[in-house]
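*Asks:* One structure follows; several queries about it will come next.
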Amino acid sequence: MSACFYTTNGALGAVDLHLYISGPPPAPFPHPAHPHAVMAPFWWLSNGKRTSTVTADGKRMIKGSFDLDVVPHLPGFAPIPHVTEWAVVAWVIAMSSSKPALMASTVTGQGEPLAVCLDGPAGLNIDCGAAKAGPVCCHATVVTEPTLEDCLGMALAFGVAFGLDFLAGKLAGAAGTLLKGQLGKLLAKMLEQIPEAMRKTVLKDLIKRILKFGL
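In terms of the working numbering, the sequence shown opens at residue -8 and continues consecutively.
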């Protein structure tokens, strides 16, 4: 099977599940896994891991270490959002990321493996540092055939993402319990005004970022 290489001509389009807060004030109701539409072209904000001199069809190619950042997320606004939802969706966008799931280990651009689709122009990204699959579309005339080693690398990448997400969730729960027990009365009272689901989401995202940059 022939698979197109990722270029700046490609784009991510997916539906991810994130925290959503609904309900008329003052009683927020959390939905831990609410659908969010996600879309970003590969020229969007990123860590800059695109080739500067290697191109395909006149477009810069995407390295396997490429990572989209601040990816637009639009929640389904049903039921009616609570006023705190705007802070939640802003946090989700600020902490979001999306990286290629598959890279061609035998084909490099400027010394790094290049990101590649699964079959034809259909590709897959790992979204938001978790084991979430984000469909990608990228048409290119420059193609390759992913090897077994490449596919095993993709499976490993999803496994690592799942493991980090699970570990971050456990650490967030422990950190939340510790904070609740150690903070002073005034700060604890302020913390209690924030829905538990929101506190856990913020802690989990922060821990994932720390784990991501620490590995």
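Think of the CB as a built atom: it goes at the ideal place given N, C-alpha and C, for glycine as much as any other residue.
1. If you check the beta carbons only, do Ile117 and Phe68 fall under 9 Å apart?
2. From the DSSP secondary-structure annotation, give me the bridge partner or partners of Cys(-5).
3. Which ranges would you report for the alpha helix (DSSP H) in the segment 42 to 91 if only whole runs of at least 4 residues count?
4. Does the structure place the segment 4 to 15 close enough to the segment 71 to 83 that three or more beta carbon pairs sit under 8 Å?
5. Between the Cα of Asn0 and the Cα atoms of Gly144, Leu139, Pro112 and Pro63, which residue gives the shortest distance?
6. Tell me whether His130 is buried or exposed, calling it buried when 16 or more other Cβ atoms sit within 10 Å of its Cβ.
7. Taking its Cβ as the centre, do 16 or more other Cβ atoms sit within 10 Å of Val233, making it buried, or is it exposed?
8. Exposed or buried, what is Met(-8) when buried is set at 16 or more other beta-carbons lying within 10 Å of its beta-carbon?
9. When every heavy atom of the ligand MG is checked, does at least one fall within less than 8 Å of the C-beta of Thr99?
10. Does Ala146 pass the burial test, meaning 16 or more other C-beta atoms within 10 Å, or should it be called exposed?
11. Distance check for Ser56 and Leu206, CA to CA, integer angstroms please.
12. What is the rounded straight-line gap between the Cα of Met52 and the Cα of His25?
13. Taking C-alpha atoms, which residue in Val134, Ser89 and Phe153 lies nearest to Asn38?
14. Taking buried to mean at least 16 other C-beta atoms within 10 Å of its own C-beta, is Phe20 buried or exposed?
15. Closest to Thr138 by C-alpha separation, out of Val61, Gly120, Met94 and Leu155, would be which residue?
16. Taking just the CA atoms, how far does Gly49 sit from Met192?
17. By alpha-carbon positions, which one of Phe153, Ala106, Leu143 and Gly125 ends up nearest to Asp7?
18. Starting from Leu109 and walking both ways along the beta strand (DSSP E), at which residues does that stretch end?
19. Measure from the alpha carbon of Val134 to the alpha carbon of each residue in Leu109, Val83 and Pro63, then state which is nearest.
*Replies:* Judging by the given coordinates:
1. A distance of 9 Å or more separates the beta carbons of Ile117 and Phe68.
2. Among the bridge pairs identified by DSSP, Cys(-5) is matched with Val134.
3. Listed in chain order, the complete alpha helix (DSSP H) runs (minimum 4 residues) inside the segment 42 to 91 are 76 to 85.
4. Touching, per the Cβ criterion.
5. Measuring from the Cα of Asn0, the nearest candidate turns out to be Pro112.
6. Exposed, by the Cβ-count rule.
7. Residue 233 cannot be examined here, being either before or after the span of the chain that is shown, -8 to 206.
8. Result: exposed.
9. In terms of ligand content, the structure shown is empty, and the ligand MG therefore cannot be addressed.
10. Counting every other CB atom within 10 Å of its CB across the protein chains shown gives Ala146 a total below 16, marking it as exposed.
11. Model confidence at Leu206 stands at a pLDDT of 46, short of 50, so the residue's coordinates are unreliable; what they give is reported in the following sentence. Distance between the alpha carbons of Leu206 and Ser56: 14 Å.
12. So the two alpha carbons sit approximately 33 Å from each other.
13. With distances taken between CA atoms, Asn38 lies nearest to Ser89 out of Val134, Ser89 and Phe153.
14. So Phe20 counts as exposed.
15. Relative to Thr138, the option among Val61, Gly120, Met94 and Leu155 whose CA is nearest is Met94.
16. A small correction: the amino acid at residue 192 is Thr; Met does not occupy that position in the sequence shown. Between the C-alpha atoms of Thr192 and Gly49 there is a straight-line separation of about 41 Å.
17. Closest by alpha carbon: Gly125.
18. It is not in any beta strand (DSSP E) - Leu109 carries neither H nor E in the DSSP assignment.
19. The shortest Cα separation from Val134 among Leu109, Val83 and Pro63 belongs to Leu109.
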